[in-house]
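Take a look at the structure below.
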Amino acid sequence: MSTNPAPSRAMAWHIFRKDWKLLWPLGIASIAGQVLLAALRHYSEPFSASEGLQATCALVTLGLVIAMVLLIVLAVQQEAIPGVDQDWLVRPIRRRDLLLAKVLMLLLLIHGPIVAANLLRGFADGFPFTPILHAALLSSYACALVFSLPVMAIAVLTRSVTEAILSALAVFFSLLLVRLLVLAILYPFTHTFDFDHVTDDTGVAWIWQSLSMAVLLLVTVAVVLLQYFRRNTRQARLLFIGGFLVFMFTPDLPWRPAFAIQQWFSANPDAARSISIAFDPARHATDAAAAHADFQLLTEDGEEKQQKKAENRKKHKKKSADGEDAPAILLPLRFSGLPAGLVLHVDHTALRLVDAVGNTLYHGTGHVFDLPFPGNGDGSALPYQTLQIPAEVVQQAADQTLRLELEYSLTLLRPHALPPLPALSREQRQSEAGYCASRIDDGGAALEVSCRAAGNVPPCISMVLEQAAGARRNPEKFDCALEYTPAPLQFSVDPFEHSDTELPLHDPSGAVHYPIDKTQLRDAQILISVYQPEAHFSRQLVIPQFRLRDWQATAPSTDGGSDAADATPPAGTSQP
Amino acid sequence: MTTASVVQADDVWKSFGRIDALQGLSLAVPEGSAYAFIGANGAGKTTTIKLLMNMLAPSRGTASVMGVDTRRLSPEVLAQIGYVSENQALPRRLGVGDYLEYLRPFYPGWDRALETSICKRLQLPLKRRIGELSHGMRIKVALACALPYRPKLLILDEPFSGLDPLVREEFMEGLLLEAGDVTMLISSHELGEIESLSTHVGFIDAGRMLIEESMSDLGARLREVRITLEHPAAVPANLPKEWLQPRAFGNVFSFVDTRYSENDLGERIRALLGPVRHIDAEPMPLRTVFTTLARAARDGAIQ
Chain V
7 MSTNPAPSRA MAWHIFRKDW KLLWPLGIAS IAGQVLLAAL RHYSEPFSAS EGLQATCALV
67 TLGLVIAMVL LIVLAVQQEA IPGVDQDWLV RPIRRRDLLL AKVLMLLLLI HGPIVAANLL
127 RGFADGFPFT PILHAALLSS YACALVFSLP VMAIAVLTRS VTEAILSALA VFFSLLLVRL
187 LVLAILYPFT HTFDFDHVTD DTGVAWIWQS LSMAVLLLVT VAVVLLQYFR RNTRQARLLF
247 IGGFLVFMFT PDLPWRPAFA IQQWFSANPD AARSISIAFD PARHATDAAA AHADFQLLTE
307 DGEEKQQKKA ENRKKHKKKS ADGEDAPAIL LPLRFSGLPA GLVLHVDHTA LRLVDAVGNT
367 LYHGTGHVFD LPFPGNGDGS ALPYQTLQIP AEVVQQAADQ TLRLELEYSL TLLRPHALPP
427 LPALSREQRQ SEAGYCASRI DDGGAALEVS CRAAGNVPPC ISMVLEQAAG ARRNPEKFDC
487 ALEYTPAPLQ FSVDPFEHSD TELPLHDPSG AVHYPIDKTQ LRDAQILISV YQPEAHFSRQ
547 LVIPQFRLRD WQATAPSTDG GSDAADATPP AGTSQP
Chain B
125 MTTASVVQAD DVWKSFGRID ALQGLSLAVP EGSAYAFIGA NGAGKTTTIK LLMNMLAPSR
185 GTASVMGVDT RRLSPEVLAQ IGYVSENQAL PRRLGVGDYL EYLRPFYPGW DRALETSICK
245 RLQLPLKRRI GELSHGMRIK VALACALPYR PKLLILDEPF SGLDPLVREE FMEGLLLEAG
305 DVTMLISSHE LGEIESLSTH VGFIDAGRML IEESMSDLGA RLREVRITLE HPAAVPANLP
365 KEWLQPRAFG NVFSFVDTRY SENDLGERIR ALLGPVRHID AEPMPLRTVF TTLARAARDG
425 AIQ
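Top to bottom, those sequences are chains V and B.
So the first sequence is residues 7 to 582, counted in this note's numbering.
So the second sequence is residues 125 to 427, counted in this note's numbering.
Next up, the structure:
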């Protein structure tokens, strides 16, 4: 007969063994699901998987998620915490040992297999050990953050699987309702709700998302600890709901502080010191299409989303009396002091229209745009910026002299060329873009280039098809979803990230002839450039006298006229 | 000389929302005693026990078990306490044998031979899952899980509830034969079962302890008195408050004397009721004590 209690680690292992005895079928299902999913993903490389394989992956993922949820909830609820009748409460079981046993179960049956399966997948894909291990560990961490810990937190707050599922659904729908109510208060008289946040689809989205994730981590860990060490279910439930509310609303925090934080992460802030922005009233464009032709979009997807968002907002705002939308305002700008060889990205423009007595008539955002390498040698660029101002504001103040205040959040990006890739290549190692491979698509209209990396592929790359012997090139194609997340915070559930780009072999409109077509691919190569942020900075532009009617664009879809010829407004100046 | 209390509660309150389940309850279970904790349904017995086992936290007041505040019961203290309750939620998916095997390492004093003996005596089906067992069998499993480590304190909360007489007898046999030298706190409505082993009694009503004393003292001071008078009996208006449940029929007057004293009873009766033909004062079984006190408490005769 022993006289001393067994050491903590031994008791945690003892409790884990008891749980395993009860739950081994789910444990095996979890491990097998991880391995199967990794295998399926491996066989779907390097290009997009067939529909059948994708459907199989989706089914396996669903089954795996169900198995893991059941495993976590049942393992935790073997010693349910809420309630006063559980036998374990009167046993000399250390709460620390109990928690360790459950964490052990998470590590051995869920996160261990995630890491192991991803390591196997990475080895099978030919990646070296260190990046795979790093990516697999980060992936496991991401899974813990968004999946295991929240599920565990729900499990410690409930007594059965049914209660856990119903509680999770109740909390989800309650929070959704709260969000809808808040939006209804913020945007009254609308028929649909916009769930987007101001930083969504921008490079700084990671800031509030990271804060939101940190809140989630803190809340779930606090709930679990509170339950295991204080067994105060009421407090823990309140904390859980309150924490989730904070988690849900954190990404709604405003743009300005997010970008201020982003500026701390500038690699080379001095690179932007010379850049200034001015209003250039002498250059007057009335045709929106012509104005847009002046500059190249780096973030096509982002631009499209921004436009769609603005249109949606506009659509659902209270309509003006005649029901017509106002044409966009085209603002001629002059950027000077642009460093050679860098790309300037306008992350965000906050605009405010103020009338003669100082009342704000409108505040909103301008469209994002990019300035590629300044071509005219003097470091200047002359873009037009589109400002979408609601029709009722334009109608009300079209002929008034207003003050236009613009605050620009900008990022300088430095391109970095990677070694070229043969146009028709099997997989080839790239230093930063991971492994890349190319093939002609089924219709023969484009060259598909797929890159994948253990970890993250660079968020912004450009590709151009070039004849190896000469200087002939097809148009450059960008694949940018700009995000400025610092390396230590870059992680996702899938440790192997993809980037798929299509390089067209002829102009779909037929207007332009592309020099490299399907027949010349044998001698062609793909030039890949990676764009990394160099400096984040802001500039302010105040135009003291601005008349909306003077700068309305003439577009075929709109009937708003422009008498810009009469307008000679004074130029504003930027303030660094 | 006073005996040290193994269980002590001082002015303990427990509220569930607006309901005060315990209202300043105080209790002391002396070491080596078998304490019968009795009271009507909803009086607060189970709440008190759950509070003593740290399954619930008191709203006010303090309680201690084996000298340790119940809010700080360590595994070392819990390893010396056996607990059996009618509501005890044992792990349903584990087999009986598996559960005993699981519990062993948590108790440094676990005696395998005693475990085997208890399981044999209680005829436990070691291979079957706990969830598949009847209520009575589960209670026996709970007892089998509470005795093999020879606890110093055994807390039983309605252990006989729902048990048929045979199982009840087996349970009591198991308890009396295997428990050894232990302090016991038993809450039960089966007063006949616990009377023989109880040394102390605590009567709780509406969350307050109304009577708490040793069985011998209680037996000595509580008597069912039956008086045959010389004339037709009637309940006097100025009845002493320690006389409970007065009844008169024919020449007979009966009551429960809660301050019985052989020396002056006759004198007091004669002074109040007149000439007496015969006085008969009988000790009361625990069941009658309980019903008398419960009725008196309900009617506000004792507070």
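Idealized CB from N, CA, C, for every residue including glycine.
As the structure is a computational prediction, the values presented were derived from the model and not from experiment.
Contacts that Met117(B) makes with chain V (C-beta to C-beta distance below 8 Å): Residue 117(B) cannot be examined here, being either before or after the span of chain B that is shown, 125 to 427.
Consult DSSP for Phe265(V) and reduce its assignment to one of helix, strand or coil. Helix, per DSSP.
Does any residue of chain B have a CB that is nearer than 7 Å to the CB of Asp25(V)? Closer than 7 Å: no.
Residue ranges of each alpha helix (DSSP H) within the stretch 156-206 of chain B, 4 or longer: Within the stretch 156-206 of chain B, the complete alpha helix (DSSP H) runs of at least 4 residues are 169-176 and 199-202.
Round the Cβ separation of Gly385(V) and Leu344(V) to the nearest angstrom and send it over; I've been treating them as touching at under 8 Å. Between Gly385(V) and Leu344(V) the beta-carbon gap is near 4 Å, inside 8 Å, which marks them as a contact.
Are the Cβ atoms of Trp214(V) and His354(V) separated by less than 7 Å? Cβ atoms of Trp214(V) and His354(V): not closer than 7 Å.
Using a threshold of 7 Å, state whether the C-beta atoms of Asp93(V) and Gln204(B) are closer than that. Taking 7 Å as the Cβ cut-off, Asp93(V) and Gln204(B) do not qualify as a contacting pair.
DSSP three-state label for Ala18(V), please. Helix, per DSSP.
Proximity test, Cβ basis, 7 Å: Gln212(B) and chain V: Yes, its Cβ sits closer than 7 Å to a Cβ of chain V.
Return the chain-ordered list of same chain residues with a C-beta closer than 8 Å to the C-beta of Thr354(B), the five sequence neighbours on each side being excluded. At residue 354(B) the sequence reads Glu, which differs from the Thr that was named. Within the same chain, and ignoring the five residues on either side of Glu354(B) in sequence, the residues whose Cβ sits closer than 8 Å to its Cβ are Asn375, Gly398, Pro399, Val400 and Arg401.
Got a sec, what are the start and stop residues for the beta strand (DSSP E) Lys244(B) sits in? Not the beta strand (DSSP E): Lys244(B) falls in the alpha helix (DSSP H), residues Arg236 to Leu246.
Using the C-alpha atoms, what's the distance from Lys138(B) back to Val90(V)? Near 14 Å, if we compare the C-alpha coordinates of Lys138(B) and Val90(V).
Helix or strand or just coil, what does DSSP make of Leu181(V)? The three-state secondary structure of Leu181(V), taken from DSSP, is helix.
Check the Cβ of Lys264(B) against every Cβ in chain A and list those closer than 9 Å, keeping chain order. Although the question refers to chain A, the structure presented lacks it and instead comprises the protein chains V and B.
Neighbour flag for Ala133(B) against chain V, beta carbons, 7 Å: No, because no Cβ of chain V sits closer than 7 Å to the Cβ of Ala133(B).
May I ask you to list, following chain order, the residues of the stretch 67-96 of chain V that have a beta carbon less than 7 Å from some beta carbon of chain B? When C-beta distances to chain B are compared with 7 Å, the residues of the stretch 67-96 of chain V below that value are Gln84, Val90, Asp91, Gln92, Asp93, Leu95 and Val96, in chain order.
If I measure Cβ to Cβ from Gln147(B) and keep anything under 7 Å in the same chain, skipping five residues before and after, which residues do I get? Cβ neighbours of Gln147(B) beyond the five flanking positions: Trp137, Ala330, Gly331 and Arg332.
Where Arg217(B) meets chain V, residues with beta-carbon distance less than 7 Å: The answer, in chain order, is Leu28.
Give the interface partners of Pro501(V) over in chain B, defined as CB-CB distance under 8 Å, in chain order. Near Pro501(V) there are no residues of chain B at all, since even the closest Cβ is about 35 Å away, more than 8 Å.
Label Ala327(V) either buried or exposed according to how many other C-beta atoms from any shown protein chain fall within 10 Å of its C-beta, with 16 as the threshold for buried. Since pLDDT at Ala327(V) reaches only 38, below the 50 mark, its modelled position is unreliable, and no value is offered.
Contact list for Glu239(B) against chain V, beta-carbon separation under 8 Å: Ordered by position in chain V, no residue passes the 8 Å Cβ test against Glu239(B), which lies about 12 Å from the chain.
Could one say the Cβ of Arg583(V) lies closer than 7 Å to chain B's Cβ atoms, at least one of them? No statement about residue 583(V) is possible, as the shown extent of chain V runs from 7 to 582 and does not include it.
Assign Thr239(V) to one of three DSSP states: helix, strand, or coil. In this structure, Thr239(V) counts as helix in the three-state DSSP scheme.
Please work out which residues of its chain come closer than 6 Å, Cβ to Cβ, to Phe543(V), disregarding the five sequence neighbours upstream and downstream, and give them in chain order. Non-local beta-carbon contacts of Phe543(V) in its own chain, meaning distances under 6 Å to residues more than five positions away in sequence, involve Ala278 and Leu416 in chain order.
If we call anything under 7 Å between Cβ atoms a contact, is Phe179(V) one with Pro492(V)? In terms of Cβ geometry, Phe179(V) and Pro492(V) do not form a close pair [threshold 7 Å].
With the cut-off set at 7 Å, would you say Ala148(V) and Val230(V) are in Cβ contact? It is not a contact, given that the beta carbons lie outside the stated cut-off.
What does His20(V) reach in chain B if we use C-beta pairs closer than 9 Å? Against chain B, a Cβ distance below 9 Å from His20(V) picks out Tyr226, Pro229 and Phe230.
Contacting residues, own chain, Cβ-Cβ under 8 Å from His324(B) (five flanking each side not counted): The beta carbon of His324(B) sits closer than 8 Å to those of Val153, Pro154, Ser157, Ala158, Tyr159, Ala160, Glu336, Glu337, Ser338 and Met339, all from its chain and outside the five residues before and after it, given in chain order.
With DSSP run on the structure shown, which of helix, strand or coil describes Ser112(B)? Only positions 125 to 427 of chain B appear in the structure, and residue 112(B) is not among them; the question remains open.
For a quick check, are the C-beta atoms of Glu503(V) and Asn462(V) less than 7 Å apart? Yes, they are a contact pair.
Measuring CB atoms only, is the stretch 254-262 of chain B touching the stretch 115-129 of chain V, in the sense that at least three cross pairs come out at less than 8 Å? Here the stretch 254-262 of chain B makes no contact with the stretch 115-129 of chain V; the two share fewer than three CB pairs at distances below 8 Å.
Gly163(B) versus Lys244(B) - alpha carbon distance: So the alpha carbons of these two residues sit roughly 34 Å apart.
Determine whether the Cβ of Ala203(B) lies closer than 7 Å to any Cβ atom of chain V. Judged by the 7 Å Cβ criterion, Ala203(B) is in contact with chain V.
Need the endpoints of the alpha helix (DSSP H) that Val82(V) sits in, please. It spans Glu57 to Gln83 - the alpha helix (DSSP H) in which Val82(V) sits, taken as one unbroken run.
Could you check which residue in Leu410(B), Met308(B), Leu321(B) and Ile318(B) has the C-alpha nearest to that of Arg347(B)? Nearest to Arg347(B) by C-alpha distance, out of Leu410(B), Met308(B), Leu321(B) and Ile318(B), is Leu410(B).
Going along chain B, which residues have a C-beta under 8 Å from Met17(V)? Within chain B, the residues near Met17(V) are Pro229 and Phe230.
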